[in-house]
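Numbering (the numbering used here), first residue to last: 255 to 340.
Put into structure tokens, the structure is as follows:
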């Protein structure tokens, strides 16, 4: 699974037209799903997602340069702790 983002041609009109899909984290070789953007109180954007970089799906976070570009540096947050989670 790879993640994509689409930008609205008019950001004030979500029902309008949209640009072509842009692949997120193009150099990330592992499966990844359920990505979401989080903005810290200082304005820095982060991309949080579930990935299989360490085996079963775990949570990861990466800084973003802007709302569609993720920096390659990915930080592991948390993985399965119980047998039923994996």
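Note that beta-carbon positions come from the ideal geometry of N, C-alpha and C, so glycine has one too.
Under the three-state reduction of DSSP, which class applies to residue i: helix, strand or coil?
| i | result |
| --- | --- |
| residue 317 | strand |
Determine whether the beta carbon atoms of residue i and residue j lie at a separation below 8 Å.
| i | j | result |
| --- | --- | --- |
| residue 258 | residue 276 | yes |
| residue 314 | residue 328 | yes |
| residue 274 | residue 298 | no |
| residue 270 | residue 263 | yes |
Counting along the chain, where does the beta strand (DSSP E) carrying residue i start and finish?
| i | result |
| --- | --- |
| residue 290 | 286-293 |
Please determine, among the options, the residue with the shortest C-alpha to C-alpha distance to residue i.
| i | options | result |
| --- | --- | --- |
| residue 283 | 260, 265, 308, 336 | 308 |
| residue 336 | 287, 298, 311, 315 | 311 |
| residue 255 | 269, 289, 261, 320 | 289 |
| residue 294 | 334, 339, 321, 266 | 321 |
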